[in-house]
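Trainee: A single structure is presented below for examination.
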Amino acid sequence: MLLIAASCDEVPQLALFLILLCSPFITDAVNRDIFKRCDQNSFCRRCRKVEPGKSPYQLLPDKLVQNESMIFVDLFNKDTGVAYVLQLTTLKEGTFRLHINEKNPLHPRYETQYALYDQPQTVEMDFVENTAESISVTKNENKVVLYINPFRVELYSQGVLTISANARGLMRFEHLRPKPVKAENENAEEVEANNSTYPGDGADDDPGAWEENFKEHHDAKPYGPEAVAMDFSFPGSEYAYGIPEHADSFALQSTKSTDPYRLYNLDVFEYETNERMALYGAIPVLYAHGKERSSAVFWHNTAETWVDILSNADNNVVESIVELVSGSTKKPQVDAHFMSESGVIDIFFMLGPKPLDVFRQYTVLTGTAPLPQMFALGYHQSRWNYNDQDDVATIAENFDIHDIPLEAMWLDIEYTDNKKYFTWDSRKFPNPLEMVHNLTAKGRKLVVIIDPHIKRDNNYFLHNDATSLGYYIKNKDGKDYEGWCWPGAASYLDFFDPKVVEYYIGLYSLDKFHGTTNDVYIWNDMNEPSVFNGPEITAPKDLIHHGGWEHRDVHNINGHMYIRSTYEALFRRSGGSLRPFVLTRSFFAGSQRYALMWTGDNMGEWSHLRISYPMCLSVAISGLSFCGADIGGFFKNPDSELFIRWYQAGTWLPFFRQHSHIETKRREPWTFNEETTQIVRETLRLRYSYLPLWYTLFREHEVNGYPVIRPLWAHYPTESETFTIDDHLLLGDSILVRPVFQSGATEVAVYFPGESKITWYDIDTMQPFQKGGYVNVPVTIHKIPVFQRSGSVVPRKMRIRRSTVAMRNDPYTLIIIGDSNGRANGNLYIDDEVSFEYRHGKYLYLRITLDGNKIASTLIDKLASYETQSWLERIDIVNPPQGIKSAQLESYNLGKVILETTFNTHNNVLTIRKPAVNMGEEWTIELLR
């Protein structure tokens, strides 16, 4: 939240340009002038100027050293005379790591930490071949070839060239150097000689190499130019994806005539859609996909990064004419160029070959999200800000009055004592424990915001502690850095210091954070960090963190470090028994291990509803499945149609929260009219009925790394039409969703993947759609097109409840749709929904199948066990075998039981009512004629 409204009177010392922002809707567009373009950024200019085909780097193969899983070889820059060390490592899952650093740097360069789940697991190489032209490393069906002069890397999967690095010769590694001394008169030649110790890279010629100004801000750059860059080519790939976060299409667009995509965590006010500008998070993983295979590169670097993308459309005219005359067709290819301000070159290559393979390979490196508590998957109600304790109680009560489910009430910054976190405003919230107990009595939670800016107030314990203990980030002069944010003057804890982390964790203990219980969870906002008077509304790059590292080295992982500490605090608060719940705005690679995210301060416009799907798909394939967008938009006031459509679309995103700005109209589900309330109520009930599927998919993500929501090409990788579709998504592999993103729509084009081999059934009417490709499907305001795939089994809970706590022991319904061979399958995961006991084998993981006339539920994990009170209430079989009159259940506890069946000729559904078998028991049901 960058907008200053209610808090402007508290910070009269702010610069005039900040004061002007106090009018809440002063513009409908981002203020581009306060954010850098590539041509305003010295290192981006330098890296982008590198001419292709003139790489000065070559390997020195006589320096080759190897062990079981690694080779080391010197790399030499012929222009500068600087030597580097290249390390290639073979990892499990068919992944390779390429690491390059200076051999003798003037001082250490920053090596990214905290993004990886653990030290990557190495595997033994099959063999290494060293020739006059190249060095080759082979592992199973994969091979890496390092060409000596000029240096480039080729990676082969199953004999097919899949990724090339430095094939265009755009690698740049700016060596650390002494600062040039200005030549003066007769000493000019001597000084010039001293300045030319490492000639040839031209970095010093750029006016921003050693110090840089932007607006009124000055960046000292004490270490000078230290950028790193590398180009990558993906032969056979048609599109690239990933590198979130951007409010842009899911398939990345060419940057040939525009700025590159920027990865630099920023608080962007009223961000625009279809833009490559940086937003709150940065995950430097890039996927490439074509009909034959998928692959990826993970650029392991936490500094500011820009990424150029080139595609087939960027072929020049001469190439196109040659192809036309010769009759040949050029193989598709995607090219990328990563450019970072500092650090080292550290790259992970993932060779797939299938989409789900490469998604898994990435999460093996950075980890998966731990299974959330069930309440996290329900509906959340938020606002900046609910006024007081009575307001919270009234809103929660109204959900019951209107018979609408709710999981948690949220409090924004106004609940605190004058923006001092870990405190309460005693006038507005005189008895927070009472408020919490009133919510939890109905199975609900409270979520409160804790931001990273610490109010500089001598009457604030946290500020006094941080000052006396030296826990704040320092400025370049070694003093506590002071910026401006919601409290006015503020400083920022240094979460790279282990002592600070331990102190911060202790703040969450129930005897210190008074008014909270284990049912109070946390929202970390503004953690890019947002600094209202800082360069580009963030922290200066020349600040100093623990270990002497500059902020420029670690900026993109700053928010990650914050949520890492918050997660650990909540884990310890409950003695390690309860799964933490943390929402973050800023994130990096690996942040999925600690938090879920949302798309930030969006606007109540159709374009922002539309962009929520590609934004969440992009972070989902980048490891962070748990994504959502503020329902209705944070800014502006949606009309009832947009409000309804946003709920209908948000139902099928993992995180489901309504949140809005302090000066918007109230927009709880009942604030429009009765029809709107009714439609929203039914939409929320639909979401809750599918929670068993959501919960199962999140557990499977934790185990196998597959995204919970997926692009269509994840399961239909050869269908070219799916490559650019980002207004649909798949929930797992069984549910296809196509929301309505236009006002007044009476029909929408739905793409049915599967090339007519799969039939998709409307989840409400069970109307079949067998034709592959696009079909215009009629829509009304009451629903959006959602379909279940033939050959799938989907578990649901159909009883209407106020929250997930009330649903815990409810019975299940199974929706079974056979394929053309009369077969179907699906999984169901069950545990206590709150604790970590599932990691100790206390769970049920079931495989449910249909094979002709037989339905069966079997335990996938035979050694796991969990005593559930839930039972099987109903089975609906779509397009069942003909002539079925009854069914026979057989289980250990119930023996053989004849069950009644009914057949609905209108929708072709056979229903088996009340099998009444416990869900923890294996059973079979035979359909009888």
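Just so we're aligned: the sequence shown equals residues -29 to -1, 1 to 900 in mature numbering (1 follows the signal peptide of the UniProt record, and there is no 0). Don't be surprised by glycine CBs; every beta carbon is placed ideally from N, CA and C. What you are looking at is a predicted structure, and each value in this text was computed from that prediction instead of being measured.
Over the uninterrupted beta strand (DSSP E) stretch that includes P766, give me the two end residues.
Mentor: Looking at the DSSP string, the run of the beta strand (DSSP E) that includes P766 is S763 to R767.
Trainee: Which value, in whole angstroms, describes the spacing of the CA atoms of V711 and P609?
Mentor: Rounded to whole angstroms, V711 to P609 spans 15 Å at the Cα level.
Trainee: Which runs of the beta strand (DSSP E) spanning at least 3 residues fall entirely within the stretch 597 to 637, listed in chain order?
Mentor: Correct list: 627 to 629.
Trainee: Identify which residue in N75, G621 and E646 has its Cα closest to the Cα of Y659.
Mentor: Comparing Cα-Cα distances from Y659 to each of N75, G621 and E646, the minimum goes to G621.
Trainee: With DSSP collapsed to three states, give me the class of H70.
Mentor: Looking at H70 - three-state DSSP - the assignment turns out to be strand.
Trainee: Please report how far the alpha carbon of T(-3) lies from the alpha carbon of T635, in whole angstroms.
Mentor: Only weak support is given to the placement of T(-3): the predicted model assigns it a pLDDT of 49, under 50, and the value that follows is read from those uncertain coordinates. Straight-line Cα distance between these residues: approximately 15 Å.
Trainee: Between which residues of its own chain and D359 is the CB-CB distance below 6 Å, once the five residues before and five after are set aside?
Mentor: K399.
Trainee: Label K186 either buried or exposed according to how many other C-beta atoms from any shown protein chain fall within 10 Å of its C-beta, with 16 as the threshold for buried.
Mentor: So K186 ends up on the exposed side.
Trainee: Going by DSSP in three states, L410 sits in which element: helix, strand or coil?
Mentor: Helix.
Trainee: Quick one: Cα of V293 to Cα of N283, how far?
Mentor: In this prediction, V293 scores a pLDDT of 40, lower than 50, which makes its location untrustworthy; no coordinate-derived value is stated.
Trainee: Tell me the rounded alpha-carbon separation between P(-6) and V335.
Mentor: Residue confidence is low: P(-6) scores 35 on pLDDT, short of 50, so the model does not pin down where it sits. Its coordinate-derived value is still stated next. Spanning the two alpha carbons is a distance of roughly 44 Å.
Trainee: Does the Cβ of residue 902 have 16 or more other Cβ atoms within 10 Å, making it buried, or fewer, making it exposed?
Mentor: Missing from the structure shown is residue 902; the chain here goes from -29 to 900 and no further.
Trainee: To the nearest angstrom, how far is it from the Cα of Q92 to the Cα of R331?
Mentor: Cα to Cα, Q92 sits roughly 14 Å from R331.
Trainee: How is E294 classed by DSSP in three states: helix, strand or coil?
Mentor: Low per-residue confidence applies at E294: pLDDT is 49, beneath 50, and the placement is therefore not dependable enough to give any value.
Trainee: Can you give me the Cβ contacts of I421 inside the same chain, cut-off strictly under 8 Å, excluding the 5 residues immediately before and after it?
Mentor: If we look at I421 and ignore the five residues flanking it on each side, its Cβ neighbours are Y392, F393, I493, W494, N495 and T537.
Trainee: Expressed to the nearest angstrom, what Euclidean distance is found between the alpha-carbon atoms of V418 and W381?
Mentor: Roughly 5 Å separates the two Cα atoms.
Trainee: What did DSSP end up calling H579 once you bin it into helix, strand or coil?
Mentor: Correct three-state label for H579: helix.
Trainee: Please classify A510 as buried or exposed, where buried requires at least 16 other C-beta atoms within 10 Å of its C-beta.
Mentor: A510 is buried by the Cβ-count criterion.
Trainee: Would the stretch 253 to 273 count as touching the stretch 5 to 21 if we require 3 or more Cβ pairs under 8 Å?
Mentor: The stretch 253 to 273 vs the stretch 5 to 21: no contact.
Trainee: Would you mind listing the alpha helix (DSSP H) stretches within the stretch 700 to 785 that are 4+ residues and don't spill past its ends, in chain order?
Mentor: 775 to 778, all fully within the stretch 700 to 785.
Trainee: Looking at C-beta atoms only, is the number of pairs between the stretch 861 to 868 and the stretch 836 to 850 that lie closer than 8 Å three or more?
Mentor: Contact fails: fewer than three Cβ-Cβ distances are below 8 Å.
Trainee: Can at least three beta-carbon pairs, one atom from the stretch 303 to 313 and one from the stretch 650 to 658, be found at a separation below 8 Å?
Mentor: Taking 8 Å as the limit for Cβ pairs, the verdict is that the stretch 650 to 658 does not touch the stretch 303 to 313.
Trainee: For V711, would you say it is in contact with chain B, using Cβ-to-Cβ distances shorter than 8 Å as the test?
Mentor: Looking at the structure shown, chain B is missing, and only one protein chain is on hand.
Trainee: In the DSSP output, what is H188 paired with across the bridge?
Mentor: F185, per the DSSP bridge assignment.
Trainee: Which first and last residues belong to the beta strand (DSSP E) in which V472 is found?
Mentor: No beta strand (DSSP E) holds V472; the alpha helix (DSSP H) holding it covers P469 to G477.
Trainee: Tell me which same chain residues have a C-beta within less than 6 Å of the C-beta of L404, skipping the five on either side of it?
Mentor: Counting only Cβ-Cβ distances below 6 Å, and skipping sequence neighbours, we find G486.
Trainee: Tell me whether the beta-carbon of R415 lies closer than 8 Å to the beta-carbon of S774.
Mentor: Cβ atoms of R415 and S774: closer than 8 Å.
Trainee: Does DSSP put K114 in a helix, in a strand, or in coil?
Mentor: Note: K114 maps to strand in three-state DSSP.
Trainee: Determine the closest residue to E125 out of D175, Q84, E183 and F203, with distance taken between C-alpha atoms.
Mentor: Checking every option, the nearest Cα to that of E125 belongs to F203.
Trainee: Rounded C-beta distance between L59 and V108? I'm assuming under 8 Å.
Mentor: The pair is a contact, with the Cβ atoms about 6 Å apart (cut-off 8 Å).
Trainee: Got a sec? Which residues, its chain only, sit under 8 Å from D436 by beta carbon, not counting five neighbours each side?
Mentor: Contacts found: Y442 and Y474.
Trainee: Hey, out of R16, D285 and K426, whose CA is closest to D176's CA?
Mentor: Among R16, D285 and K426, the Cα nearest to that of D176 belongs to R16.
Trainee: Do you know how far the Cα of T876 is from the Cα of I788?
Mentor: Answer to the nearest angstrom: the Cα atoms are 16 Å apart.
Trainee: Should the stretch 78 to 89 be regarded as contacting the stretch 20 to 30, the criterion being three or more beta carbon pairs within less than 8 Å?
Mentor: These segments do not touch.
Trainee: For W623 and L702, what's the separation of their Cα atoms in angstroms?
Mentor: C-alpha separation (whole angstroms): 8 Å.
Trainee: My assumption, with CB atoms under 8 Å, is that residue 907 sits in contact with L821. Please give the rounded CB distance.
Mentor: No information on residue 907 is available, as it lies outside the stretch -29 to 900 that the chain covers here.
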